Each structure stands twice: as structure tokens, then as C-alpha cells.
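Chemist:
There are 2 protein chains.
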Amino acid sequence: MTDKPLSIEEFEAALRAVGAERYHNLHPFHKLLHGGKASKGQMQAWALNRYVYQAAIPRKDAALMSRVHDREIRRVWIQRIHDHDGLGEDLGGIERWLKLTDGLGLDRDYVISMKGVLPATTFAVEAYVRCVTEGTQLEAICSCLTELFAPSIHKERIAGMLANYDYIGDDVMAYFKKRLDQAPRDATWALNYAKEHARTREQQESVINILRFKCNVLWAQLDALYHAYVSPGHIPPGAFVPVV
Amino acid sequence: MTDKPLSIEEFEAALRAVGAERYHNLHPFHKLLHGGKASKGQMQAWALNRYVYQAAIPRKDAALMSRVHDREIRRVWIQRIHDHDGLGEDLGGIERWLKLTDGLGLDRDYVISMKGVLPATTFAVEAYVRCVTEGTQLEAICSCLTELFAPSIHKERIAGMLANYDYIGDDVMAYFKKRLDQAPRDATWALNYAKEHARTREQQESVINILRFKCNVLWAQLDALYHAYVSPGHIPPGAFVPVV
Numbered sequence: 000m001t002d003k004p005l006s007i008e009e010f011e012a013a014l015r016a017v018g019a020e021r022y023h024n025l026h027p028f029h030k031l032l033h034g035g036k037a038s039k040g041q042m043q044a045w046a047l048n049r050y051v052y053q054a055a056i057p058r059k060d061a062a063l064m065s066r067v068h069d070r071e072i073r074r075v076w077i078q079r080i081h082d083h084d085g086l087g088e089d090l091g092g093i094e095r096w097l098k099l100t101d102g103l104g105l106d107r108d109y110v111i112s113m114k115g116v117l118p119a120t121t122f123a124v125e126a127y128v129r130c131v132t133e134g135t136q137l138e139a140i141c142s143c144l145t146e147l148f149a150p151s152i153h154k155e156r157i158a159g160m161l162a163n164y165d166y167i168g169d170d171v172m173a174y175f176k177k178r179l180d181q182a183p184r185d186a187t188w189a190l191n192y193a194k195e196h197a198r199t200r201e202q203q204e205s206v207i208n209i210l211r212f213k214c215n216v217l218w219a220q221l222d223a224l225y226h227a228y229v230s231p232g233h234i235p236p237g238a239f240v241p242v243v
Numbered sequence: 000m001t002d003k004p005l006s007i008e009e010f011e012a013a014l015r016a017v018g019a020e021r022y023h024n025l026h027p028f029h030k031l032l033h034g035g036k037a038s039k040g041q042m043q044a045w046a047l048n049r050y051v052y053q054a055a056i057p058r059k060d061a062a063l064m065s066r067v068h069d070r071e072i073r074r075v076w077i078q079r080i081h082d083h084d085g086l087g088e089d090l091g092g093i094e095r096w097l098k099l100t101d102g103l104g105l106d107r108d109y110v111i112s113m114k115g116v117l118p119a120t121t122f123a124v125e126a127y128v129r130c131v132t133e134g135t136q137l138e139a140i141c142s143c144l145t146e147l148f149a150p151s152i153h154k155e156r157i158a159g160m161l162a163n164y165d166y167i168g169d170d171v172m173a174y175f176k177k178r179l180d181q182a183p184r185d186a187t188w189a190l191n192y193a194k195e196h197a198r199t200r201e202q203q204e205s206v207i208n209i210l211r212f213k214c215n216v217l218w219a220q221l222d223a224l225y226h227a228y229v230s231p232g233h234i235p236p237g238a239f240v241p242v243v
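Keeping their order, the protein sequence lines are chains V and H.
What the first sequence shows, in numbering that gives the first Met the number 0, is residues 0 to 243, in sequence order.
What the second sequence shows, in numbering that gives the first Met the number 0, is residues 0 to 243, in sequence order.
(1) Determine the DSSP secondary structure at H/Leu86, reduced to helix, strand or coil.
(2) Take the Cβ of V/Ala187 as the centre, count every other Cβ of all protein chains shown within 10 Å, and call the residue buried at 16 or more, exposed below.
(3) Please state whether the Cβ-Cβ distance between H/Ile254 and H/Ser142 is less than 7 angstroms.
(4) Taking three-plus beta-carbon pairs below 8 angstroms as touching, is the region 79-97 of chain V in contact with the region 2-9 of chain H?
(5) Between the alpha carbons of H/Pro57 and H/Ile93, how many angstroms are there, rounded?
(6) Smallest Cα separation from H/Ala205: which of H/Val124, H/Gly34 and H/Leu144?
(7) For chain V, find out if any of its Cβ atoms is closer than 7 angstroms to the Cβ of H/Arg129; answer yes or no.
(8) Using the C-alpha atoms, what's the distance from H/Pro236 back to H/Leu224?
(9) If you draw a straight line from the alpha carbon of V/Arg129 to that of H/Tyr127, how long is it in whole angstroms?
(10) Who are the Cβ neighbours of H/Met64 in its own chain at under 6 angstroms, not counting the five residues just before and after it?
(11) Measure the C-alpha to C-alpha separation of V/Cys214 and V/Glu9 and round it to an integer number of angstroms.
(12) Answer with yes or no whether the minimum CB distance from V/Asp84 to chain B is below 7 angstroms.
(13) Over what stretch of residues does the alpha helix (DSSP H) that includes H/Phe10 continue unbroken?
(14) At a CB-CB cut-off below 7 angstroms, which residues of chain V make contact with H/Ala62?
(15) Does H/Arg49 have its Cβ less than 7 angstroms from a Cβ in chain V?
(16) Can you give me, in chain order, the residues of the region 209-243 of chain H that have a beta carbon less than 8 angstroms from any beta carbon in chain V?
(17) Does the CB of H/Pro118 have a neighbour CB from chain V at under 7 angstroms?
(18) Only counting the same chain, and skipping five residues up and downstream in sequence, which positions put a Cβ closer than 8 angstroms to that of H/Ser151?
(19) Rounded to a whole number of angstroms, what is the C-alpha to C-alpha distance between V/Val116 and V/His233?
(20) In whole angstroms, what is the alpha-carbon distance linking H/Lys39 and H/Met160?
(21) Could you spell out where the alpha helix (DSSP H) holding H/Cys130 opens and where it closes?
(22) Restricting to Cα atoms, I'd like to know which of V/Arg15, V/His26, V/Glu11 and V/Asp169 is closest to V/Val216.
(23) Starting from V/Arg198 and walking both ways along the alpha helix (DSSP H), at which residues does that stretch end?
(24) Below 8 angstroms on the Cβ atoms is my guess for V/Arg178 versus V/Ala149; work out the distance and round it to an integer in Å.
(25) Quick check on this structure: which residue in V/Val51, V/His29, V/Pro241 and V/Gly85 has the alpha carbon closest to the alpha carbon of V/Arg156?
(26) Check whether chain H comes within 7 angstroms of V/Arg184, counting only Cβ atoms and requiring the distance to be less than that.
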């Protein structure tokens, strides 16, 4: 027996329910950081590790494009690479992330070298890069649907970080401000794609599952940060050690 | 014993020698086509099959970008995707190729469906797409070095096709005219990359070999066309049959 497809409304509600249950704005590390309770060392550790995620996004998007035979989809998707790598004079989101790590007093070469990152960060990020080549094209595209939940987290971050940390100014928050426009545009496109292309219940479930997977990718990064930099004494060998 | 590296001059000469021996401007099908001796059906078969190659190039370039961790290289390389897929109002090289197939009287949906192409075309093209993920990054980048030899073939094509076929006008040759600027820019960048990054003799040989491989990818496509559409009676089942 094949299950009946969800209606479009039920399907969208199921996707949004994944965010309500699992998006990383619910993680204790997020609350700590944006609630103004993080030490500068914890803030640095977060920005350093999150750089690995930011820097991997264009590879993930290129991997996706490498399997898409439909030129119109590639012409839409390439915008994501422009957003992160920049295009021409715009140096892009990764560069804006480095403004944040600069602002936190981290050495730029050290950040780019990724030498101090938690191994769990890299494992989670590379699992995301791989998922867009290993799943169906529907799953690959819909793995970005966490962008549906991003604008509210970015707003929380901007307000929380500016209000609570005197070493964080407007300029270093440029990454998040830019994403306030970019993320909804991408999420709307992907949500429409999901609604149009996930026709069977099985396809709908695969989209819901890939969104859970993507939430896990984000959540696991904060778990690793919490374990290393909040629970005392758990920084793994070789990882960044804050200067107290 | 490890062989001594070639000097930069010897290395470049070795690369250029591959073109002099193996580039597809030497193929009998090329000579037939651009020497004015091809039938319209042969011209159509060529444009139809070559579309498969053109349409695959952005996937090949995205596959390459998906493995490049250096943002500066990705920011250069993405231009190739723009060239073929277009960017914004520019609809790109694949669209210009379709102007050629339009001009040859081929139905556009039929061309895009790839239903009538020779299986050998697809096999060769997909081998090229795969090679950029399966080899080293040096090989992946240098597989494009056939662009070194492209401007002269494009000039031959433009002159030969305009002079010899009354059904080919200036507008349908737009693809090749555009490539006269694009190909040398790309080839120069890749040649410099090869000179800088192929330091050992083994690396230099790997670059020479990948260029041979790429010449084979192009040559095999013309072999398949010659066998099917010049040698009589060899069109494989399901492939395009010209209307005489």
C-alpha cells in the first residue's frame, strides 16, 4: 500500500515542523551566544568553526550544479555561489565572515588554515557537501530548506550580538545583514521547487528527511562547540584554545 | 631514479606538441565539414552531437569547482559557467549553440532532448565530466588546455562555414565568434597554472597525459560522426537520420 501524498499545505506544515523541533536556534549554545552570556573565547570558537561551514557552501553548491542538466535551474542556483564567493568587485559572504573573525581578534591566516577547528565541525560540513551528490536531485536541492528558518535566527543574532558584546560593532555583522535578503529569496525558490517536484508521499518524506538531516548538520556543530568550550575541559587535541 | 623536470619551455613545447599531433582540427570529419564538402545532413549531425558536449561544459566546470578549496580559483573559474550558461540577460554559449542548430533547421526540443545523438558522443562527453573529479586537481584544471588550440580551429570554422554553405549566415556563427575571446583567456590562465603547479616530472607527465585524454574526447566524437554519417550505412539504431 502506498501512502497518499500530503496536500501542499500539509507538506509545507510538515517541513516547518522540522524547523520548530530541530533548527539550531533551539540549541543551548545558540542561546548562550546570542543571549549575551558567552565569553569572548566561546564567541571566537564559534566564529572559527562556523567559518568551515561558510567556506564549504560554494563547493556544496557547485557539486549540486555539477549534476543538474537543466540550464534554467543552474542559472538560478549559481547566485548562491556568487553570494558566498562574491562576483567581481563584491568579495562575497565568506569574506564578510572573515570580517567577523577579524573583529573577534582571530588571525586571518589561522582561520583560513582551519587548523584549530573541531574535527566534528569538518565531519558535519563535509557530510553536507556529500549529501548533494549522493541523494536524489530533489533531496540535493531541498537540503537548503533550513534557509526557511534562517531570517529569524539572523535577526536574533544581529540584535543579540550588538546589544550584548561591546567588542562587536555594526561592521562585523555585515554577513548576517546581507543574509536577511538572500536567505528568503533562496528558501522561497527551493520551497516552490519542493512543492512542485515532491509529488508522491515517498518523495515528500524524502524532502522532510533531508531537512532533518540538514538540521542535524547544524545542530552537531553546536553540540561539538558546547562540549569543547562550555562543558569544562573537553577541548579535543589540536583544537583552538581561547586565551583567557 | 626520478626523471628530472622539464624546463618551463620544454613543458610548454610538449603540451603544444600534443595539439599538433592530436587536436581534432586534424580529423577528416573536421576537414570535410569546414572545407565545404559536408552535406547539410552531416552538418546537422555534427551540430546535434556537439550540442551534447556544449551542454555538459557547465556541469564539468561545476564539478571542478566542487573540489576546489581555494576561493580565488573558484572566483576565476566561475566565469566559464557564465560563458556557457549565461548570466542575467546574457543567455550564454549553449543558447548560441542552439542558434546554430536552429539555423540548420533542427527542431530545438529534439536537440535538447538529446534523443538522436550517437551513444559514443555521450560516452566521450561524460568521460570528460568525470575526469575532473577523478584525477588530481592539477589534471582537472589542465584538462581544459585544448583551449590553447581552439582559436585557430574557430577561425577556420567561421571562415569555412560562412564561405562554403549558403544556409549558414553570420548570426548562427555567434558561438564561435564569442569563443575567439573567451578561449585564449581561459587557456592562458590554465597554462600559467600548469607551469606553476606541475613541478615534478611526474606532475608534468600527468598534465601532458590529461591533455592527450582531452584530445581523445574530442577526436572520438568526430570518429563516431564519420563512421555514422560519412562511411555509408553505419548510423546506429535510434540515432538522428538526415532527411536527404
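Glycine residues also receive a C-beta, built at the ideal position from the N, C-alpha and C atoms.
Being a predicted model, the structure only gives us computed values, none of them experimental.
Modeler: In brief:
(1) strand
(2) Looking at the sequence provided, one finds Thr at residue 187 of chain V rather than Ala. By the neighbour-count rule (16 or more Cβ atoms within 10 Å), V/Thr187 is not buried but exposed.
(3) Chain H is shown only over 0 to 243; residue 254 of chain H falls outside these bounds and no answer can be derived.
(4) no
(5) 10 angstroms
(6) The residue you asked about is not Ala; residue 205 of chain H is Ser in the sequence shown. Taking only the C-alpha atoms, the option nearest H/Ser205 is H/Leu144.
(7) no
(8) 14 angstroms
(9) 21 angstroms
(10) Arg73 and Trp76
(11) 20 angstroms
(12) In the displayed structure, chain B is absent; the protein chains listed are V and H.
(13) Ile7 to Arg21
(14) Ser65
(15) no
(16) none
(17) no
(18) Asn24
(19) 14 angstroms
(20) 11 angstroms
(21) Pro118 to Glu133
(22) V/His26
(23) Per DSSP, V/Arg198 belongs to no alpha helix (DSSP H) and is neither H nor E.
(24) 7 angstroms
(25) V/His29
(26) no
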